[in-house]
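A.B. asks:
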Amino acid sequence: MTNIPKNQKKNVKFQATSALKDLIIIVVIFISVFILSYFFDVFVFIVKFLEQHPREIIYVDEVITALLTLSIALAIFAWRRWLELKKETTKRIELQEEIIRIANTNAEVERIIGKQLRCEIELRRQEEKNDLSLKLNVKKGSK
């Protein structure tokens, strides 16, 4: 009865480990980009390029603000989807445990009914034997 939920818990741990690996990779990439941009002055390069070619790129501040807003919105979106997934996973595990419990109850009921039927059949056979032996005794006694 508890084998399936344990397997599901193992799957959840595996998924959490995968998510943890992804998070570590993201943090490593973030730190790498931060260090590279610090040593190579990427932002200074962009500013100098924009100073030299002001007409080439228009509305840079709006693009940066929009991208920052988009990244925050996507982070919130991902966090909310994760919470929904966590709730649904918990609900599915509970439902599967309920299904297993019901299946076990049905199997137990079927076993009990089968046992009762076998007992009733055995009693009827016994009654038929008794009736048959009484009839035979009555026939033997009447002759």
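Sequential numbering from 1084 applies to the sequence shown in this note's numbering.
For each residue, glycine too, the CB sits at the ideal point set by N, CA and C.
Keep in mind that this is a model prediction, so the values were computed, not measured.
1) Assuming the contact rule is C-beta atoms closer than 8 Å, residue 1146 and residue 1133 should be a hit. Round their C-beta distance to whole Å, please.
2) Which one of 1117, 1161, 1197 has the shortest CA to CA distance from residue 1102?
3) How close, in whole Å, do the beta carbons of residue 1113 and residue 1120 come, if the pair is a contact with beta carbons under 8 Å?
4) Look up residue 1184 in the DSSP assignment and say whether it is helix, strand or coil.
5) Using three-state DSSP, classify residue 1103 as helix, strand or coil.
6) Going by beta carbon distance, what residues of the same chain come within less than 6 Å of residue 1220, once the five residues before and after it are set aside?
C.D. replies: Working from what's here:
1) Against the sequence shown, residue 1146 aligns to sequence position 63. Against the sequence shown, residue 1133 aligns to sequence position 50. No, residue 1146 and residue 1133 are not in contact; Cβ-Cβ is about 12 Å, not under 8 Å.
2) As a working note, residue 1102 is residue 19 in the sequence shown. Per the Cα distances, 1161.
3) Within the sequence shown, numbered from 1, the residue matching residue 1113 stands at position 30. Within the sequence shown, numbered from 1, the residue matching residue 1120 stands at position 37. Not quite, the Cβ-Cβ distance comes to about 11 Å (not below 8 Å), so this is no contact.
4) Stepping through the sequence shown from its first residue, residue 1184 is reached at position 101. Helix at residue 1184.
5) For the purposes of this step, residue 1103 is identified with residue 20 of the sequence shown, where counting begins at 1. Helix.
6) Here residue 1220 corresponds to residue number 137 of the sequence shown, with the count starting at 1. Correct list: empty, nothing qualifies.
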